[in-house]
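Engineer:
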Amino acid sequence: MVLAVSELPAENNVGKTSLFDSKETSLKDEWLGEKYLNYVLAHLLLRHTSGSMEILSLNGSLLDAQVFLRYDKCYKQLRDNGVRLYQSPELGHLEGSINFREVVLGWTGAIVRRGTPQEREILDRAISDNSDLHGVTFDNEKQMLPTAQTGTTEQEVSPDEEWTPTASETDIWRYTKTLQENFAGQDVVPIYKEVMLRGYPPSFGAEVTFRGKRFSAQAGNKKLAKHRTSQKLCEHFGIEVPGL
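See below:
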């Protein structure tokens, strides 16, 4: 996946200490970064799935891979391996305030557009190492499900099997409502993602990211999966929920 030196864009400049160029350029970096990330994940997916897997299932598995990619670890691996940094002066420098997905997408696009062949190799390795595609299991319908994650880093991903509810399912929606009311209009808000994990019986995954922490859960419907992630976030940050 590494381009030859002759194929690299002319703007590649190894003399620069930062791959960040400008705010306008960063938007295109993020756009290209997302496309390239999907390209790499799709290649990895094909290597780790059955040849009989249908396109519809592949699309679902690719969405799963995007959701469960450890952007925080990609960020750390790129940094620790000497890739020139990608940090806008407008962004904070405390890791707790970093939107890892946004930075990694921009960093990825910048490496593809302006990076060296060595930086591209490090990037591809970071994506591969921090995807869930090295440890996957298949159910009877040949669908890929991520294996349980162990340990935590800057992001926290807690498997749904380990979740023990402290409120009834009928009141769990209050966690999501409380977050919506508390953070409406603020610069930093919880960001949710939802994905179908299995068609039948139905299984949905949800993820919420807030202040560098990530929480995920699964359920038989989208709303319940989302509310479960909201509960985890509220309990982690000590956010009080009226009525519970």
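Under the UniProt record's numbering, think of the first position of the sequence shown as 1, with each following residue one higher. Cβ coordinates follow ideal geometry from the N, Cα and C atoms, glycine included. Predicted model, so just to flag it, every value in this text is computed and none were measured.
1. Using the Cβ count rule (16 or more neighbours within 10 Å means buried), how would you classify Trp107?
2. How close, in whole Å, do the beta carbons of Asn130 and Arg70 come, if the pair is a contact with beta carbons under 8 Å?
3. Which value, in whole angstroms, describes the spacing of the CA atoms of residue 248 and Tyr175?
4. Could you compute how far the alpha carbon of Phe237 sits from the alpha carbon of Gly220?
5. Please return the same chain residues whose Cβ sits closer than 6 Å to the Cβ of Val104, not counting the five positions on each side in sequence.
6. From Val40 to Pro242, what distance separates their C-alpha atoms?
7. Is Lys232 helix, strand or coil by DSSP?
8. Report yes or no: do the segment 117-124 and the segment 22-35 share at least 3 C-beta pairs separated by less than 8 Å?
9. Just verifying my parser: in three-state terms, what is the DSSP assignment at Ala184?
10. Please confirm whether Asp62 and Ala42 have their CB atoms less than 8 Å apart.
11. State buried or exposed for Leu46, treating a residue as buried only when at least 16 other CB atoms are found within 10 Å of its CB.
12. Can you tell me the Cα-Cα spacing of Asn140 and Pro201, whole angstroms?
13. Rounding to the nearest angstrom, what Cα-Cα distance links Arg214 and Arg125 in this structure?
14. Please classify residue 265 as buried or exposed, where buried requires at least 16 neighbouring CB atoms within 10 angstroms.
15. If you check the beta carbons only, do Leu197 and Gln218 fall under 8 Å apart?
16. Can you give the Cα-Cα distance for Glu54 and Ile239, rounded to whole angstroms?
17. Buried or exposed: where does Thr178 fall if 16 or more other Cβ atoms within 10 Å of its Cβ makes it buried?
18. For the alpha helix (DSSP H) that contains Val195, what are its first and last residues?
19. Can you name, in chain order, every residue of its own chain whose Cβ lies under 7 Å from the Cβ of Ser230, other than the five neighbours on each side?
20. Going by C-alpha distance, which of Phe204, Val195, Glu181 is nearest Cys234?
21. Quick one: is Val188 buried, meaning 16 or more other Cβ sit within 10 Å of its Cβ, or exposed?
22. Taking Val208 as part of the beta strand (DSSP E), name the residues at either end of that continuous run.
23. Can you tell me whether Arg214 is helix, strand or coil according to DSSP?
24. Could you tell me which residues DSSP pairs with Pro219 in its beta bridges?
25. Nearest to Lys193 by CA position, among Asp171, Ser52, Ser216, Tyr36, is which residue?
Structural biologist: This is what the structure gives:
1. With 16 or more Cβ atoms within 10 Å of its Cβ, Trp107 is classed as buried.
2. Contact between Asn130 and Arg70 holds: CB atoms are separated by about 4 Å, below the 8 Å threshold.
3. Outside the shown range of the chain (1 to 244) lies residue 248, about which nothing can therefore be said.
4. About 26 Å.
5. These residues qualify, in order along the chain: Tyr71, Cys74, Tyr75.
6. Val40 and Pro242: Cα-Cα distance of roughly 44 Å.
7. Residue state, collapsed to three classes: helix.
8. Flag = no, the segment 117-124 and the segment 22-35 do not touch.
9. In the three-state reduction of the DSSP assignment, Ala184 falls in the coil class.
10. With the sequence shown as reference, residue 62 is identified as Leu, and Asp is not the correct amino acid for it. Their beta carbons are under 8 Å apart, which means Leu62 touches Ala42 by this criterion.
11. Burial check for Leu46: the Cβ neighbour count within 10 Å stays below 16, so the residue is exposed.
12. With a pLDDT of 30 at Asn140, under the threshold of 50, the predicted position of this residue should be treated as unreliable, and no value is reported.
13. When the Cα atoms are used, Arg214 and Arg125 turn out to be separated by approximately 23 Å.
14. Outside the displayed range of the chain (1 to 244) lies residue 265, so it cannot be described from this structure.
15. Using a Cβ distance threshold of 8 Å, Leu197 and Gln218 count as a contacting pair.
16. Each residue's alpha carbon lies about 43 Å from the other.
17. Thr178 is classed as buried because its beta carbon has at least 16 other beta carbons within 10 Å across all chains shown.
18. Run containing Val195: none in the alpha helix (DSSP H); it sits in the beta strand (DSSP E), 191-198.
19. Excluding sequence neighbours, Ser230 sits near Tyr175, Thr176, Leu179, Val208.
20. That would be Glu181, whose Cα lies nearest to the Cα of Cys234.
21. In this structure Val188 is exposed. Its beta-carbon is surrounded by fewer than 16 other beta-carbon atoms within 10 angstroms.
22. According to the DSSP assignment, Val208 belongs to the beta strand (DSSP E) that extends over 203-210.
23. Secondary structure at Arg214: strand, using DSSP grouped into helix, strand and coil.
24. Rather than Pro, the amino acid found at residue 219 in this sequence is Ala. Phe204, per the DSSP bridge assignment.
25. When only C-alpha atoms are compared, the closest one is Ser216.
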